[in-house]
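For the record, in the sequence shown the residue sitting at position 671 is 674 according to the numbering used here, with numbers rising by one throughout.
All C-beta atoms, glycine included, are put in the ideal place defined by N, C-alpha and C.
Quick notes on the structure that follows.
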Amino acid sequence: MNWKYIVGFTLAAAGILTIGILLGHFAIPKESQTSGSDHAVSKDLDPALLEDFMNQVDAARIRENLKVLSEKPHMATTKGDEDLVQLLLTRWKDPQSGLDNATEVQYDVFLSFPDPEKPNSVAVVLENGTTTFVSRETEEDVSTGQADQDVVKPYAAYAPPGNPKGKLVYANQGKPSDYEFLVQQRIDLNGTIAITRYGGAGRADKAINGAKYGVVGVVVYTDPADINDNKASAEETYPNSWYLPPSGVERGSYTTYFGDPLTPYFPAKGFTYRIPEDQITGIPPIPVQPIGFEDAEKLICNLAGLRAPDHWQGALGCSYSLGPGFRQEGAFPNTSDVQVNVYNQGRIKASSNVMGLIRGSVEPDRYVLYGNHRDSWVHGAIDPSSGTAVMLEVTRVLGTMVKEGKWRPRRSIIFGSWGAEEFGLIGSTEYTEEFFSKLQQRSVAYINVDIAVFANATFRAQGTPPAQKVIFQAAQQVKTPANPSISVYENWKQHFNRSSSVYGLIPSLGSLGAGSDYAPFVHYLGITSMDIAYTYDRSKTSARIYPVYHTAFDTFDYADRFIDPGFTSHQTVARTAGNVLLRLADSLFLPLNVSDYGETLQQMLVAAEQGFQAELAKNNISLAPLKEAISRFQSAAAGLNQRISDLQKEDSPSPLHIRMVNDQLMLLERAFLNPRAFPEKYYYSHILLAPRSSGVATFPGLADAASSADWDGAHKHMAIASHAIENAAALLEAVAE
């Protein structure tokens with residue numbers, strides 16, 4: 004080709020390229036460039052945004068939300084529940100205050116319901132077969148709402164049907180040690196009915212434990228000593244105070260594990276394989292029925308036998324005896340039996356999650372999740388509607404800001420209204436199963452606000468250690484409802500505190516068990532998680548939870564009069580949880596502190612040394628590998644914090660470097676997962692947070708093995724913990740460049 008043509012072609016191409024660049028720069032509207040600009044990529048959290056959000060949170064709107072949400076009973080899959088699905092979809096699709104997207108996702112799950120034609124009961128049956136006493140079918144209508152035709156009669160979900168009959172024994176809380184104590188008193192438990200009080204052991208465990216000793220049926224009640232500060236009369240209880248009325252019955256799910264019982268580890272969809280019903284584990288093998296303490300008083304206060312130990316005594320107004328059977332001079336002949344009549348039915352039904360989305364502008368593939376379950380046992384004003392009322396206000400404020408074009412988060416925010424939580428965290432678990440890979444690879448953190456307000460005294464939070472930093476930051480910025488000069492943080496520290504080797508006296512962040520929808524996120528997916536609420540002053544009450552929990556008395560009237568008059572505590576929770584959410588969604592560097600795990604690991608090591616070191620040494624098991632792993636972890640965490648600090652000082656830190664350290668912060672929790680560590684425990688993969696039966700607050704596998712003198716198991720779990728911590732340290736160490 005002639006060189007003149009080559010030069011001419013090259014000059015023409017260069018000119019076209021120059022014109023294209025100029026057109027691209029000046030012709031494209033600036034707002035369309037914002038999300039991809041260097042400014043947007045490097046933009047940090049705007050402090051004014053936090054203040055604007057908190058100022059817009061309205062207590063009156065939260066109160067109105069709660070009134071609507073708790074107007075009708077809304078047990079999972081009932082019409083009341085389905086109506087709330089539509090309410091959430093309508094709110095989250097609102098043109099002025101809705102989210103970017105809202106969808107309903109259904110799962111076909113196995114639930115347990117009482118037979119509407121045959122009410123469950125506990126009866127005293129005479130030797131000739133005559134029934135002389137039958138427990139109440141439902142609570143007394145002392146205020147408003149208890150008589151609603153949709154109020155489900157008290158029952159124990161997943162308890163099998165049956166009509167066992169036998170002599171009654173009092174088994175305290177139904178712990179293994181309680182049944183063992185009865186055996187030690189030479190009480191033959193074979194063929195007996197055990198009456199137990201709530202607390203001490205899980206609901207299902209009361210029956211599972213009893214069946215191992217020959218118990219054929221279990222009755223469960225709430226003792227006024229455990230929830231009412233010993234108040235038991237009608238005059239001292241709701242509607243005259245916040246205490247549980249004598250007829251109140253705590254409903255509940257009698258399951259050990261979480262998720263749909265027929266589809267473990269798989270989402271309950273049409274294509275999913277379902278195990279046979281008789282292969283479900285972790286549910287009662289014998290019939291169980293809950294009753295109110297007015298009925299329990301008639302049974303327990305007429306028992307024969309030895310006097311129960313002092314720490315087994317309660318507040319029913321009598322001296323508790325162990326049984327078996329009734330005393331001769333009591334209300335029932337001593338030949339009488341107690342019969343537990345259960346007619347529960349298992350059914351597969353469609354249950355819905357409602358999912359809302361605000362798309363991220365810079366990192367749309369990073370998710371900050373915020374969830375609360377929607378279903379309740381009856382009206383559920385406190386559990387869970389206090390949390391839903393708060394979530395609706397948070398989404399209203401954020402949705403309005405998005406719709407008006409004032410704000411869009413850096414990362415995507417996903418809101419979840421979970422279905423069928425009360426039956427065993429089912430909606431949230433099915434969601435984590437369906438989207439396991441995506442959530443595990445992309446999720447920054449999960450915020451749970453279930454019962455938003457137990458009472459109005461102080462803030463309370465539970466979480467994995469890295470969440471401590473962001474929760475403290477938010478709590479320091481929000482003011483208490485009672486005194487605007489005191490922060491939520493300071494008030495929290497006055498009520499629940501601990502002495503930290505790093506920070507001195509600080510609020511106590513509780514650990515996460517499996518009591519709400521955070522469980523599958525932390526135990527199964529390894530996502531940094533937290534649970535946020537307002538609660539009561541434990542120096543003023545010994546109640547194990549708010550007194551009308553899971554009863555027909557958990558109504559709007561109860562919440563409005565006794566839990567949070569004025570709804571300022573609800574407002575405070577909304578401000579604090581929303582503050583945490585915005586910090587996680589908008590901060591350039593994730594506000595998580597991995598060094599706080601170092602302190603936790605050190606505490607667990609000290610507990611192991613104090614509890615087991617001598618016995619471990621006798622069995623040639625050394626804790627040295629754990630010490631070395633923890634030391635490496637602490638060094639790696641400090642190094643990561645230093646790299647973040649160095650990047651924060653740069654005028655224009657590399658987006659790649661920011662993403663790298665944020666991924667290290669985000670993925671740390673996953674390093675503590677080992678799905679083979681606890682093969683007998685569904686979903687419990689987190690080697691630091693799995694449940695333990697040992698009272699020593701250390702690594703759960705090591706603690707349980709050492710407590711039972713299983714030294715081979717102790718050696719194994721020491722290795723599992725050391726290996727996980729070494730991997731966590733390697734994850735935090737600088738990536739070679």
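Item, Value
"ILE31 versus GLU631: straight-line alpha-carbon distance, rounded", "Note that ILE31 scores a pLDDT of 34, beneath 50, so its modelled location is shaky; the value from the coordinates is reported in the next line. In a straight line, the C-alpha of ILE31 is about 57 angstroms away from that of GLU631."
"Reduced DSSP category for GLN36 - H, G, I as helix; E, B as strand; rest coil", "With a pLDDT of 34 at GLN36, under the threshold of 50, the modelled position of that residue is not reliable, and no figure is offered here."
"PHE438 (DSSP reduced to helix, strand or coil)", "coil"
"Simplified DSSP assignment, three categories, for THR13", "Any reading at THR13 must be qualified, since the residue scores a pLDDT of 40, below 50, and its modelled position is unreliable; no value is offered."
"Contact check, SER138 vs SER115, beta carbons under 9 angstroms", "no"
"Per DSSP, cross-strand counterpart(s) of ASN451", "GLY374 and ASP534"
"Contact check, SER440 vs ASP368, beta carbons under 9 angstroms", "no"
"Proximity below 9 angstroms, CB of TRP380 to CB of MET78", "yes"
"Backbone secondary structure at LYS96 - three-state DSSP", "coil"
"Status (buried if at least 16 other CB within 10 Å, exposed otherwise) for HIS314", "exposed"
"DSSP beta-bridge partners of LYS496", "In the DSSP output, where bridge partners are listed per residue, LYS496 has none listed."
"Exposure label - ASN3; buried when at least 16 CB within 10 Å", "The requested residue 3 does not occur in the structure, where the chain is confined to residues 4 to 740."
"Buried versus exposed, by CB contacts within 10 Å (16 or more), ILE429", "buried"
"Environment of PRO312 [buried if 16+ CB atoms lie within 10 Å]", "exposed"
"Length-filtered (3 minimum) beta strand (DSSP E) runs lying within the stretch 160-218", "171-173 and 196-200"
"9 angstroms Cβ cutoff met for PRO163 and ILE289", "yes"
"Residues near PRO293 by beta carbon distance below 7 angstroms, same chain, minus five either side", "PRO157, ALA159, VAL223, TYR224, VAL252, GLU253 and ARG254"
"Endpoints, alpha helix (DSSP H) assigned at TRP714", "714-735"
"Per-residue DSSP class, three states only, for ALA739", "coil"
"Helix, strand or coil at LYS482 [DSSP, three-state]", "strand"
"Which of helix, strand or coil DSSP assigns to THR134", "strand"
"Residues that THR575 bridges to, as DSSP identifies them", "Paired residues: none, contrary to the question."
"Residues bridged to PHE462 [DSSP beta-bridge criterion]", "TYR537"
"Beta-carbon contacts of ALA732 that lie in its chain and below 6 angstroms, excluding the five residues immediately before and after", "ARG635, PHE636 and ALA639"
"Every unbroken alpha helix (DSSP H) within the stretch 223-292, with a cutoff of 4 residues, ordered by chain", "227-230"
"ALA562 versus SER146: straight-line alpha-carbon distance, rounded", "13 angstroms"
"Between the CA atoms of LEU102 and VAL405 - distance to the nearest angstrom", "8 angstroms"
"Contact check, ALA448 vs VAL473, beta carbons under 9 angstroms", "yes"
"Endpoints, the alpha helix (DSSP H) within which LEU401 is located", "388-406"
"Environment of ASP713 [buried if 16+ CB atoms lie within 10 Å]", "exposed"
"Straight-line gap, LYS719 to GLY205 (C-alpha atoms, nearest Å)", "28 angstroms"
"Sub-9 angstroms separation of ASP654 and LEU48 beta-carbons", "no"
"Whether GLU300 touches PRO249 by CB criterion (9 angstroms)", "yes"
"Option nearest PRO264 by Cα separation, candidates ARG547, TYR173, SER503 and ASP111", "ASP111"
"Whether VAL357 touches VAL738 by CB criterion (9 angstroms)", "no"
"Reduced DSSP category for LYS352 - H, G, I as helix; E, B as strand; rest coil", "strand"
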